[in-house]
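Numbering (full-length UniProt numbering), first residue to last: 1 to 487. Even for Gly, the Cβ is constructed at its ideal location relative to N, Cα and C. Taking it in order: structure first as structure tokens, then the write-up.
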Ligand code: NAD
């Protein structure tokens, strides 16, 4: 199956933080792949803007190395033409350096202007202010704001208010790269493009839903930042919350940005507060025999008394007609047994079994894998082949995209690539709105405050495990079990 590529209109993209880790690893290699795919017009311009002193030639060299190192080099044989689209300006978000030069570069062009804030969150407000001061916050310009968007409700509100001083909500693109993943969008296609699922998508037929985002990596070089954040802020408030919204929301009337985001917001606002015994926090231990390379969380963040969690499991309830009484189990952690992100809808047992007791308990399970091997599997119960009576067995109806859609379907566009193209097209569907972000913090804040008030100490868990045993216990108390975390 050949994917259709529709080129975007000519644009100027300024990447503040254009020399940083995210720009080098994701944004620039992603843009090159879009260029190779024929999605970027020849007139497009990419301007790196960062504190480092260098000229455009030096920047092109840096970007060329980044593309070689972080993928995309083989996307086509046209790197030089892509590099010719790049310029650089040394700039200080908090000072005056570079702004006049940038203003000059952007002047007099009738094309889409995008300013990507790929810098520390403390600079988001400064950049917005400077852009306005220097006359670059025009009606048609857009800003892309990286995560984290605040660290609690108060800071998110303050940031929203600051950005709103200079830009309209329709100009602000808050990025959550999880929303750019192919399978996440497929979730909407599967739910709302098929008759099969939606009638069953409710408390009457669904026993429970699980969302797991497991990582094998530890905090790595992000220790200092992570220790002030933790899994709840770093993963649950944004990524897992977004997945929860898409799986639980009502069908929007149209696939348009505000219709979708209105429905997501209703889900967040309908979430009950989480009870303390429906929460498990964990912190990983060192890998036995490999303490040097895989140290414990506390050693990795260089804080022997740290009480920050690298793992969270929780049970959430949504108080509305569709989901009343149906638990949503969320779990995420670092240094787990496998890298795997999966949403699983576990349907209820059939109301009555016509088969003998030894036929066993069987239920339909729909699992949506985000990574690796993006795809969707539906567990269906059939008769075990062969003689010997009616024995039942569960088999997967497997739709691994790479297999089902052929090489082009399998060779998927990275989330950042897709999202940047969406910004240029002016499509906000896959970006979080101000009220959504605030509602998510309003739900998360009391959980974090509760831990702080109780002086909660995270439970240790082994590196390479599925998290603290308490997480399994929480499920067993409900007569359920977590899905296996497998690569
Ligand atoms: P980084 O530290 O590697 O890069 C920071 C960039 O900001 C550099 O280009 C630096 O020159 C520039 N900078 C710093 N101070 C400046 C100033 N005063 N004026 C102008 N430029 C300045 O950071 P990063 O890892 O690339 O992260 C950038 C943003 O993206 C952060 O908000 C981060 O939370 C977010 N993010 C990063 C990742 C990732 O994988 N790196 C993932 C998700 C979100």
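Counting C-beta atoms within 10 angstroms of its own C-beta, residue 160 has 16 or more neighbours from the protein chains shown and is therefore classed as buried.
Within 6 Å of the C-beta of residue 164 there is not a single heavy atom belonging to the ligand NAD.
The count of Cβ pairs closer than 8 Å, one atom from the segment 130 to 147 and one from the segment 437 to 448, stays below three, leaving the stretches out of contact. Residue 275 counts as exposed, since fewer than 16 other beta carbons sit within 10 angstroms of its beta carbon. DSSP places residue 53 outside both helix and strand once states are collapsed to three, so it counts as coil. Residues 8, 34, 39 of the same chain have their beta carbon placed closer than 8 Å to that of residue 421, with the five preceding and five following residues left out of the count. Shown here, residue 188 sits in a helix according to DSSP, grouped into three states. When distances are taken from the beta-carbon of residue 218 to the heavy atoms of the ligand NAD, even the shortest one reaches 6 Å or more. Residue 446 counts as exposed, since fewer than 16 other C-beta atoms from the protein chains shown sit within 10 angstroms of its C-beta. Within the segment 349 to 373, the complete beta strand (DSSP E) segments at least 3 residues long are 365 to 371, listed from N- to C-terminus. With 16 or more other Cβ atoms from the protein chains shown falling within 10 Å of its own Cβ, residue 213 counts as buried. Taking 7 Å as the cut-off, the Cβ atoms of residue 263 and residue 249 count as close. It is roughly 7 Å from the alpha-carbon of residue 424 to the alpha-carbon of residue 11.
Note on the segment 3 to 83: whole alpha helix (DSSP H) runs with a minimum of 4 residues are 28 to 36, 56 to 70, 79 to 83, in chain order.
Apart from sequence neighbours up to five positions away, the residues of its chain that approach residue 269 with a beta-carbon distance below 6 Å are 439, ordered along the chain.
Residue pairing by DSSP puts residue 393 in a beta bridge opposite 382. The C-beta separation of residue 335 from residue 310 comes to about 7 Å, placing the pair in contact by the 8 Å criterion. About 5 Å separates the CB atoms of residue 463 and residue 284; that is less than 8 Å, so the two are in contact. Taking the C-beta atoms as reference points, residue 301 is found no nearer than 7 Å to residue 466. In the three-state reduction of the DSSP assignment, residue 469 falls in the helix class, which pools H, G and I. The segment 310 to 322 makes no contact with the segment 184 to 200: fewer than 3 CB pairs, one atom from each, lie closer than 8 Å.
Secondary structure at residue 155: helix, using DSSP grouped into helix, strand and coil. Under the three-state reduction of DSSP output, residue 250 falls in the coil class, being neither helix nor strand.
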